[in-house]
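Peer 1:
Residue numbers (our numbering), protein chains in the order written: chain G, 4 to 161; chain Y, 19 to 310.
#1: Roughly how many angstroms lie between the CA atoms of residue 225 of chain Y and residue 212 of chain Y, to the nearest whole one?
#2: Look up residue 10 of chain G in the DSSP assignment and give the residues it is bridged to.
#3: List, in chain order, every chain Y residue whose beta-carbon is nearer than 7 Å to that of residue 148 of chain G.
#4: Going along the segment 35-66 of chain G in order, which residues come within less than 8 Å of chain Y, judged by CB to CB distance?
#5: By DSSP, does residue 32 of chain G sit in helix, in strand, or in coil?
#6: So, at 8 Å on beta carbons, what are the nonlocal neighbours of residue 176 of chain Y in its own chain, with the 5 sequence-adjacent residues on each side left out?
#7: Could you run through the segment 144-158 of chain Y and flag, in chain order, every residue whose CB is less than 9 Å away from some CB of chain G?
#8: The alpha helix (DSSP H) spanning residue 153 of chain Y covers which residue range?
#9: Taking a contact to mean a Cβ-Cβ separation below 8 Å, would you say residue 255 of chain Y touches residue 142 of chain Y in this structure?
#10: State the DSSP-derived secondary structure class of residue 5 of chain G, mapped to helix, strand or coil.
#11: Using the Cα positions of residue 90 of chain Y and residue 199 of chain Y, report the straight-line distance between them to the nearest angstrom.
#12: Quick one: does residue 49 of chain Y have its CB under 8 Å from some CB of chain G?
#13: In chain order, what residues of the segment 122-155 of chain G put their CB closer than 9 Å to some CB of chain Y?
#14: Check the Cβ-Cβ distances between residue 84 of chain Y and every residue of chain G, and say whether any is below 8 Å.
#15: Name, going along the chain, the residues of the segment 103-116 of chain Y whose beta-carbon falls closer than 7 Å to a beta-carbon of chain G.
#16: Measuring only between beta-carbons, confirm whether residue 53 of chain Y sits less than 8 Å from chain G.
#17: Who does residue 22 of chain Y pair with in a DSSP beta bridge?
#18: Do you know how far the Cα of residue 47 of chain G is from the Cα of residue 268 of chain Y?
#19: To the nearest angstrom, how far is the alpha carbon of residue 30 of chain G from that of residue 60 of chain Y?
#20: For residue 70 of chain G and chain Y, any beta-carbon pair shorter than 8 Å?
#21: Please report the distance separating the alpha-carbon of residue 51 of chain G from that of residue 44 of chain G.
#22: Which residues of chain Y have a Cβ atom closer than 7 Å to the Cβ of residue 24 of chain G, listed in chain order?
#23: Under a three-way DSSP split, which group does residue 235 of chain Y fall into?
#24: List the residues that DSSP assigns as beta-bridge partners of residue 106 of chain G.
#25: Skipping 5 residues on each side, what residues in its chain have a beta carbon closer than 7 Å to that of residue 40 of chain G?
#26: Can you grab the Cα-Cα spacing for the pair residue 273 of chain Y / residue 122 of chain Y, in whole Å?
#27: Look at the alpha carbon of residue 131 of chain G and the alpha carbon of residue 157 of chain G, and state the distance between them as a whole number of angstroms.
#28: Could you compute how far the alpha carbon of residue 291 of chain Y sits from the alpha carbon of residue 11 of chain G?
#29: Express the C-alpha separation of residue 95 of chain Y and residue 83 of chain G in angstroms, rounding to a whole number.
#30: Exposed or buried, what is residue 26 of chain G when buried is set at 16 or more other beta-carbons lying within 10 Å of its beta-carbon?
#31: Starting from the beta carbon of residue 56 of chain Y, find every residue of chain G whose beta carbon is closer than 9 Å, and list them in chain order.
#32: When the distance is taken between beta carbons, is residue 145 of chain Y closer than 8 Å to residue 165 of chain Y?
#33: Output needed for residue 247 of chain Y: all residues of its chain with C-beta closer than 7 Å, excluding positions within five of it in sequence on either side, in chain order.
#34: Taking 8 Å as the limit between beta carbons, can you name the residues of its chain near residue 178 of chain Y, skipping five residues before and five after?
#35: I need the boundaries of the alpha helix (DSSP H) containing residue 103 of chain Y, first residue and last residue.
#36: Between the segment 296-303 of chain Y and the segment 201-221 of chain Y, do at least 3 Cβ pairs fall closer than 8 Å?
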């Protein structure tokens with residue numbers, strides 16, 4: 004069944020014709036065209052589809068599109084300020100080599116952003132806990148953790 | 019996946035009416051239900067989203083000392099709630115074990131209960147605290163012990179047109195503490211091969227007045243380790259006593275062998291986890307566990 008979904012994504016309002024069975028992931032990728040959010044497992048295990056809903060990381064594959072109205076959704080595209088520059092967490096991942104194939108990176112960036120928004124001084128253990136739901140099959144976790152720690156230090160300033 | 023209608027009622031009465039339709043399924047966090055629907059393990063003609071109902075999305079501390087957890091409240095909200103963290107730390111800690119941060123931000127304790135997985139991490143601590151559940155159906159509301167709700171893997175005693183409204187935690191007894199420990203190959207994002215929740219209440223002299231032990235992943239439902247509980251009653255906690263209770267809990271367990279572990283391995287884990295959880299309860303109560 005087709006249904007109209009009105010939702011707020013990356014600060015803009017979208018009115019989209021969706022299937023009643025669409026997940027938020029399908030809404031973002033296939034109806035709105037925001038393909039930065041990736042589908043890995045499709046059942047909540049891998050975290051590649053992580054987006055922020057009202058600031059909290061969730062798996063977009065585990066939420067129905069019809070649950071989106073009234074929520075503030077942020078995808079990886081929404082981190083860009085439009086100038087072509089990278090978000091400081093993305094910049095830190097580049098500098099520390101915290102990305103290999105890159106498929107998990109959008110989800111990792113958003114999990115890290117949610118962590119740093121709440122906890123500006125995370126321990127390495129806090130960082131590992133925050134990204135435990137984001138699987139990197141290249142297994143480059145150490146550099147990812149280093150990059151997030153560096154981004155935290157940079158955000159706190161001198 | 020079969021097509022379905024999505025509804026988001028604002029009252030319990032409307033939700034119960036919606037659940038009366040053929041093929042209706044309640045949706046809280048969706049972390050179990052949505053993959054089950056997508057993978058064809060469950061079918062639904064109608065999805066009844068419970069997250070707009072105030073009673074299901076609130077945590078409230080009542081004047082009589084009970085704390086009421088709305089069935090659709092997220093695991094994250096439960097873990098962060100001050101009254102839960104102070105009075106029921108084992109419940110808060112268990113909520114933080116479910117899946118990942120992403121899953122905890124969606125998954126509800128009510129869903130963890132109604133999905134009725136024997137491995138549900140949210141359940142043993144609730145049973146240790148003698149939680150009750152409030153249920154609404156077409157004939158009105160009822161309250162019963164949480165323990166009575168579980169029928170088997172994936173099965174509860176809820177009728178198809180009933181919904182779980184809330185979980186009621188009675189005030190913690192003086193000189194009591196609870197702890198849930200599980201074993202997983204991966205620290206996070208994993209399913210317990212075995213888990214043990216323990217609760218102790220000490221008398222004024224420091225002996226164990228009462229004990230409750232609830233085992234996870236070693237039976238068709240969460241399981242009370244009754245002979246282990248009885249062994250502890252009236253005794254002073256010693257290393258030897260806690261180990262003996264662990265061995266009895268292993269005997270009380272009814273595990274199967276599957277891809278995650280053999281029945282023998284699960285029994286061994288139960289002995290260790292039970293003794294450790296009991297020692298943690300003693301630690302929380304500032305009671306030294308004598309060596310012999």
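Glycine included, C-beta positions come from ideal geometry on N, C-alpha and C.
Peer 2: So, from the listed chains and residues:
#1: 28 Å
#2: Beta-bridge pairing links residue 10 of chain G to G:17.
#3: Those within 7 Å of residue 148 of chain G in chain Y number zero; the least Cβ separation is about 14 Å.
#4: 45, 46, 47, 48, 50, 53, 56, 59, 60, 61, 62, 64, 65, 66
#5: helix
#6: 132, 153, 167, 182
#7: none
#8: Where residue 153 of chain Y is concerned, there is no enclosing alpha helix (DSSP H), although the beta strand (DSSP E) it sits in stretches over 150-155.
#9: no
#10: strand
#11: 24 Å
#12: yes
#13: 131, 132, 133, 134, 135, 136, 137, 138
#14: Answer no: the Cβ-Cβ gap between residue 84 of chain Y and chain G never drops below 8 Å.
#15: none
#16: yes
#17: Residue 22 of chain Y pairs with nothing; no bridge assigned.
#18: 32 Å
#19: Going by the C-alpha atoms only, they are around 22 Å apart.
#20: yes
#21: 8 Å
#22: 19, 21, 22
#23: Reduced to three states, the DSSP call for residue 235 of chain Y is coil.
#24: Partner(s): none; residue 106 of chain G has no beta bridge.
#25: 28, 31, 32, 52, 54, 63, 78, 79, 109
#26: 27 Å
#27: Distance from the CA atom of residue 131 of chain G to the CA atom of residue 157 of chain G, rounded to whole angstroms, is 19 Å.
#28: 46 Å
#29: 30 Å
#30: Taking all protein chains in view, the Cβ of residue 26 of chain G is crowded by 16 or more other Cβ atoms within 10 Å, so the residue is classified as buried.
#31: 24, 26, 45, 46, 64
#32: The Cβ-Cβ distance between residue 165 of chain Y and residue 145 of chain Y falls below 8 Å.
#33: Taken in chain order, the residues that qualify are 229, 230, 231.
#34: 37, 42
#35: 100-105
#36: Three or more Cβ pairs closer than 8 Å define a contact, and the segment 296-303 of chain Y meets that threshold against the segment 201-221 of chain Y.
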